[in-house]
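Below is one structure, written out as structure tokens; the observations come after it.
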Amino acid sequence: MKDFILKILILLPLLATGCNADNDVLPEQSLNCSKLANALRTNESDKVEDEINQLLRDIDGNSVKGQEETLKAFVEHFESCSTIDVIDSCFGCIFTNPAQSEIRVTVSGSNQETNKCIDLQHKDSKLIFFKLHD
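For the sequence shown, the numbering used here assigns the number 1 to the initial residue and increments by one for each residue that follows.
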């Protein structure tokens, strides 16, 4: 009986803090879809940058080939969001120094659709957020 009460006392705080309805992040996914979708809709570049760079750090590619694989994995994470549709993506298609990649998305919700482009810069063998535009 003591063991049972002890287990309950240990598990109760974990259960109480383990669920957050405002955060729809899945364990295998570090992308908060609702937060990102809202930031894209309202053109809040700083919030978009935070979400994207966090996901890119989690995916982490360390070479040019790794960056291309990182972009593919990044797009797959986007596709897991029900309110964000990836329309197009390209790797190294913006010929700047350093090169940039681009992802075109449509965000749906609240009876409207918003189209955005997300530019990612190739820097220090990694992809990072560069710019959000229409």
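Each residue gets a CB set at the ideal place from its N, CA and C atoms; glycine is no exception.
As the structure is a computational prediction, the values presented were derived from the model and not from experiment.
- 9 Å or more divides the Cβ of Glu-68 from the Cβ of Phe-95.
- The Cβ atoms of Val-105 and Ile-128 do not sit closer than 9 Å to each other.
- In terms of Cβ geometry, Leu-132 and Ser-45 form a close pair [threshold 9 Å].
- Taking all protein chains in view, the Cβ of Asn-32 is crowded by 16 or more other Cβ atoms within 10 Å, so the residue is classified as buried.
- In the assembly as shown, Ile-103 is a buried residue. Its beta-carbon has 16 or more other beta-carbons within 10 Å.
- Phe-74 carries a helical assignment under DSSP once its states are collapsed to helix, strand and coil.
- Counting along the chain, no beta strand (DSSP E) covers Leu-31, and no H or E run does either.
- Annotation: Asp-134 to Lys-116 spans about 5 Å, alpha carbon to alpha carbon.
- Contact between Val-107 and Leu-55 fails: their C-beta atoms lie close to 16 Å from each other, not under 8 Å.
- Taking a 10 Å sphere around the C-beta of Ile-87, we find fewer than 16 other C-beta atoms and assign the residue as exposed.
- Distance check between Thr-70 and each of Cys-81, Asp-58, Leu-36 places Asp-58 closest, using alpha-carbon atoms only.
- Separation of the CB atoms of Glu-51 and Lys-35 is rounded to 6 Å, and the pair is thereby assigned contact status at 8 Å.
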